[in-house]
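First comes the structure, then the notes that go with it.
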Amino acid sequence: MDGKKHRKEIVILETLNEADGPLSGSEIMALIPDGGGDLSERTIRLYLQRLDEEGLTEARGKHGRIITEKGRAALDAPRVIRRVGYMSAKIDRMTFAMDFDLPLRRGTVVINTVIVEKEAFRSRLPDIITVFEKGYAMGTLVNLLKPGERVGTIVVPPGHVGFCTVCSVTLNGVLLKHGIPTRSLFSGLLQLENGQASRFVELISYDGTSIDPLQLFIRGKMTDYLGAIRNGCGRIGAGFREIPEESYDLARDLAKKLETVGLGAFLKIGRPSRELLNVPVHEGTCGAIVIGGLNPSAILEETGVPVQHYALSGYMEYTRMFHYSEMPGRL
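Position 122, counted from 1, in the sequence shown is what our numbering calls 443; the numbers after and before it change by one each time, with no gaps.
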């Protein structure tokens, strides 16, 4: 399992290893960062057949494949170049590359994309809109892509819609443009009680994964957005950041300005060198919590609607995005 020849098998095995159950070829493609790159669903199926033959994966009927103990051992071999930390590196790259200009309100922002059957999306739209109304989404701006339209490597198939939301990494990018470096440490599930964030119940480090943690939480049906929008008690996705303590006032000011242009803000920001919701921070830094950009799509997964999630799917011009309340008329 070493060398360039088997690099794609390693990608597939790592995706299965981080999943909480069997995955189909299409689910694997959706979970691989960058939409699978040059890995099509058909190509993934061919690789899976080979991995089955080698005893590294095992078919579980119509539910898909799981990784075997032999497959995990192959990933643990010293000669395998692991992709752990891929998400952290991708966040840094996209933070630097986006070029949104806050004073001018133009340029690109980082987005997430969800591919879902159009009529199924329409049927869940009232709940999705409520997520935004309750403030449990990253900002207020969205876009709806039609069949054939593309973002990054993702193309919307016939009969489907591409639901684009603001990614929380956009906040990192704006802070960086104003001289504030941001460390994205964790993604987690935030427990809400009476509409207020009380504590993290799950945390996954970006340095320890090659898949966006929020995708795993959503697909595993670990979120509870239905509870959050109905009675204020539930579990939502959120990210944990650190910023230098010297930037505390400027960061708060920039976040407020971002909120006014629909791009979201900090859910909470802690005082210098003090823990935030029981999460400790490094000396000389402030902890900050941001809402997960994929959160509105969690409603779809919770109600049994098949979806494909693409975190950090690409960039979109700010001027192409519109207020979430316009979705019914644009669908």
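Glycine residues also receive a C-beta, built at the ideal position from the N, C-alpha and C atoms.
- Message: Excluding the 5 residues flanking Met415 on each side, which residues of the same chain have their C-beta closer than 7 Å to its C-beta?
- Response: Result list for Met415: Val431, Val490 and Leu633, in chain order.
- Item | Among Glu604, Lys542 and Lys589, the one whose alpha carbon lies nearest that of Ile610 | Considering only Glu604, Lys542 and Lys589, the residue with the shortest C-alpha distance to Ile610 is Lys589.
- Query: Which value, in whole angstroms, describes the spacing of the CA atoms of Glu567 and Arg595?
  - Reply: Roughly 14 Å separates the two Cα atoms.
- Given 8 Å, three or more beta-carbon pairs between the segment 506-521 and the segment 643-651: The segment 506-521 is not in contact with the segment 643-651.
- Task: Within its chain, find whatever has a CB closer than 7 Å to the CB of Thr461; leave out the 5 residues flanking it on each side and keep chain order.
- Result: Spatial neighbours of Thr461 in its own chain (CB-CB distance under 7 Å, excluding positions within 5 residues in sequence) are listed in chain order as Phe453, Gly583, His644 and Tyr645.
- Item | Range covered by the beta strand (DSSP E) that runs through Leu466 | Counted as a single uninterrupted DSSP element, the beta strand (DSSP E) harbouring Leu466 occupies residues Leu462 to Leu466.
- Answer yes if the segment 540-554 comes into contact with the segment 620-627, meaning at least three C-beta pairs across the two stretches below 8 Å, and no otherwise. Three or more beta-carbon pairs drawn from the segment 620-627 and the segment 540-554 are found closer than 8 Å, and the two stretches are therefore classed as touching.
- Message: Give me the DSSP bridge partner(s) of Ile475.
- Response: According to DSSP, Ile475 bridges with Val472.
- Message: So the candidates are Arg386, Arg363 and Ser361; which of them puts its Cα closest to the Cα of Leu372?
- Response: In terms of CA proximity to Leu372, Arg386 leads the group Arg386, Arg363 and Ser361.
- Item | Start-to-end residues for the alpha helix (DSSP H) that takes in Glu362 | First-last of the alpha helix (DSSP H) with Glu362: Glu362 to Glu374.
- Sorted by chain position, which residues of the same chain lie with C-beta nearer than 7 Å to His603's C-beta, five sequence neighbours on each side aside? For His603, where only same-chain residues beyond five positions count, the Cβ hits under 7 Å are Glu563.
- Message: Below 8 Å on the Cβ atoms is my contact criterion, and I expect Phe507 with Gly541 to pass it. Report the Cβ-Cβ distance as a whole number of Å.
- Response: About 17 Å; that fails the 8 Å criterion.
- Query: Given a threshold of 16 other Cβ atoms within 10 Å of its Cβ, counted over all protein chains shown, does Gly605 qualify as buried or as exposed?
  - Reply: Gly605 should be labelled exposed.
- For Val332 and Lys326, the rounded distance between their alpha carbons: With a pLDDT of only 44 at Lys326, under 50, the local geometry of the prediction cannot be trusted, and the value read off the model is given with reservation. Straight-line Cα distance between these residues: approximately 12 Å.
- Separation of Thr451 from Met543, as counted between CA atoms: C-alpha separation (whole angstroms): 19 Å.
- Backbone CA spacing between Arg443 and Leu465 [nearest angstrom]: Taking the Cα positions, Arg443 is about 12 Å away from Leu465.
- Query: Nearest chain D C-beta to Gly494 closer than 9 Å, yes or no?
  - Reply: The structure shown contains no chain D; it holds only a single protein chain.
- Between Glu330 and Met408, what straight-line distance do the alpha-carbon atoms span, to the nearest angstrom? Distance between the alpha carbons of Glu330 and Met408: 19 Å.
- Assign Val487 to one of two classes, buried (16 or more other C-beta atoms within 10 Å of its C-beta) or exposed (fewer than that). Counting of Cβ neighbours within 10 angstroms places Val487 among the buried residues, the total reaching 16 or more.
- Message: Here's a check: name, in chain order, each residue in its chain whose Cβ is nearer than 6 Å to the Cβ of Gly614, leaving out the five neighbours to either side.
- Response: For Gly614, the CB contacts under 6 Å within the same chain, skipping 5 residues up- and downstream, are Asn433, Met459, Thr486, Val487, Cys488 and Ser489 in chain order.
- Would you mind sorting His481 into buried or exposed? The rule is 16 or more other CB atoms within 10 Å of its CB. When all chains shown are included, His481 counts as buried.
- Query: In the structure shown, what three-state DSSP assignment does Asp422 receive?
  - Reply: In this structure, Asp422 counts as strand in the three-state DSSP scheme.
- Determine the direct distance from the alpha carbon of Leu496 to that of Lys383, and round the result to whole angstroms. Approximately 46 Å, taken between the alpha carbons.
- Using DSSP bridges, identify the partner residues of Ala394. None; Ala394 has no bridge partner.
- Query: Do the CB positions of Leu492 and Gly585 come within less than 9 Å of each other?
  - Reply: Contact: yes.
- Proximal residues to Asp420 (C-beta, below 6 Å), its chain only, five neighbours per side dropped: Taken in chain order, the residues that qualify are Gly428 and Thr429.
- Item | Inter-residue spacing [alpha-carbon to alpha-carbon] between Arg445 and Gly483 | Arg445 and Gly483: Cα-Cα distance of roughly 14 Å.
- Message: Which residue wins for smallest C-alpha separation from Pro534, given the options Arg328, Ile365 and Tyr631?
- Response: When the alpha-carbon of Pro534 is set against those of Arg328, Ile365 and Tyr631, the nearest one is in Tyr631.
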